[in-house]
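Under this note's numbering, think of the first position of the sequence shown as 62, with each following residue one higher.
Yeah, the Cβ is synthetic: ideal placement off N, Cα and C, and Gly gets one too.
The next block holds one structure in the form of structure tokens; read it before the comments.
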Amino acid sequence: MNAKQLLYALNDINDLYIEDAEIKNRRMQPGILKTLGILAACIVLVISLWGIGTKLLSLQRTAPPTNTRNNAELPLLTVSEAITGKGEASYFAYDISELTGNGTDQAFSLLPVFRNPLDYCDGSIAHADHYQMLRLLKETAQRFGINESADMAIERPSDDTPGDETFSMRSEDYLIEVNTFSRVNVTLLNRNPANALRLSPSADKKELQAVASAAIKQFASALAMAAPKIMLPRGDYDVNGQQKWNRFFVYESGGDATTTFLNAQFHAVGFFFDESGVLAGLSWGVSDLTQCLGEYPLLSQRQAVAAACKAFDLNKRDILYAELFYHSENTDAFYMPCYRFYVQTDDTNIAASLPGMHTYTTYVLPAVCPEYIRS
62 MNAKQLLYAL NDINDLYIED AEIKNRRMQP GILKTLGILA ACIVLVISLW
112 GIGTKLLSLQ RTAPPTNTRN NAELPLLTVS EAITGKGEAS YFAYDISELT
162 GNGTDQAFSL LPVFRNPLDY CDGSIAHADH YQMLRLLKET AQRFGINESA
212 DMAIERPSDD TPGDETFSMR SEDYLIEVNT FSRVNVTLLN RNPANALRLS
262 PSADKKELQA VASAAIKQFA SALAMAAPKI MLPRGDYDVN GQQKWNRFFV
312 YESGGDATTT FLNAQFHAVG FFFDESGVLA GLSWGVSDLT QCLGEYPLLS
362 QRQAVAAACK AFDLNKRDIL YAELFYHSEN TDAFYMPCYR FYVQTDDTNI
412 AASLPGMHTY TTYVLPAVCP EYIRS
């Protein structure tokens, strides 16, 4: 898709959503329309030229987290109830060590907080960023060798909810989809077990690690990472005690500690396998992290454990592990660092049927020092 075709696509998309507005504003002066048309063309040209030399995962739009504010000038944060409390997730593992060591046990005294740029209201995005979606679609297609003349589809639900829009392009080998949350999904259409990456039914971590290394080499041009690092799933036992690996993640580790941590949290590329063990597709997010509010002082792990014990009526010995992560749900007003605490609960039914198996639940608490959180 060249710049002219992209302009036509953008015009078509705009027509889909502003048809009613056009009916109400047909008296708009020609000079204004001409100016808007020139502006749109310039925007499309800039996007096209930018996209030619941009690597696939350079679209992270991460602002440098340099703290340009005095701590006293940092804005107060409003925390939703979803960020604080007992987590809904439950984990099965024979030992807590199976749930640790994925790059989230680092210690930071400062981490950036980002404003969520999504205009999220009543369960959907009110204003989808069509330019970003098309840019992601086009550049991903280039990375996977899809011809620019390939057909592009725009999918909308019957109720025309912008938050459910999907842009897609298809070739003989790939289906590329981009949604309004800047999530990219690449489905491998020709999954021939004879020459595809695959996992055996009894695959263990060693085999998963080997397949992950092979996948990094095979998709090196698409990943465009200088120092890719593999992140394996944790636990992954089902209620029958069976452990079957069906995914792994890769993120860019070349950079300082904060940048690497942000890449692991926001920009990891997931590789997923189908039921037969054949690699089925890739998926990653391109979160907009340009609206950085500054670097906020964090609770130390010791302070956080003490706060969690008080908040959730726990004993210190109950907390087996604490890790930093970013709470970044689509509905969050801010993407902010939090602590996740693991507590062993040992469901009696699981313990009876699977000797030695433990169950764990999690509690979540903001990692930002409480003086920066609005009560």
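- Judged by DSSP secondary structure, Asn246 falls within the beta strand (DSSP E) whose first and last residues are Arg244 to Leu249.
- For the 9 Å CB-CB criterion, Ala394 and Arg295 do not form a contact.
- If you look at Cys353, you'll find it in the beta strand (DSSP E) that goes Cys353 to Pro358.
- In this structure, DSSP gives Arg308 an extended state, which the three-state scheme calls strand.
- When the alpha-carbon of Ala413 is set against those of Gly302, Ile277 and Ser263, the nearest one is in Gly302.
- Following the DSSP letters along the chain, one finds Val239 inside the beta strand (DSSP E) bounded by residues Tyr235 to Asn240.
- Around the beta-carbon of Gly206, fewer than 16 other beta-carbon atoms lie within 10 Å, marking it exposed.
- Three or more beta-carbon pairs drawn from the region 384-398 and the region 323-331 are found closer than 8 Å, and the two stretches are therefore classed as touching.
- With fewer than three CB-CB distances shorter than 8 Å, the region 364-377 does not count as touching the region 343-353.
- The Cβ atoms of Phe309 and Met292 lie closer than 9 Å to each other.
- CA-CA distance, Tyr433 to Phe402, rounds to 21 Å.
- By the Cβ criterion, the region 355-368 is not in contact with the region 265-272, since fewer than three pairs of Cβ atoms, one from each stretch, lie closer than 8 Å.
- DSSP assignment within the region 276-326 yields the following whole beta strand (DSSP E) runs of 3 residues or more, N-terminal first: 289-292 and 308-313.
- Boundaries of the beta strand (DSSP E) harbouring Thr227: Thr227 to Arg231, taken from the DSSP string.
- The Cβ atoms of Thr241 and Ala189 lie closer than 9 Å to each other.
- In the three-state scheme derived from DSSP, where H, G and I count as helix and E and B as strand, Glu390 is classed as coil.
- Non-local C-beta neighbours of Thr320 in its own chain, meaning closer than 6 Å and more than five positions away in sequence, are absent.
- Shown here for Thr406: same chain residues with a beta carbon closer than 6 Å to its own, the five before and five after excluded, namely Thr420 and Thr422 in chain order.
- Assignment of Tyr152 by DSSP, reduced to helix, strand and coil, places it in the strand class.
- With a 10 Å radius around the Cβ and a threshold of 16 neighbouring Cβ atoms, Ser170 comes out exposed.
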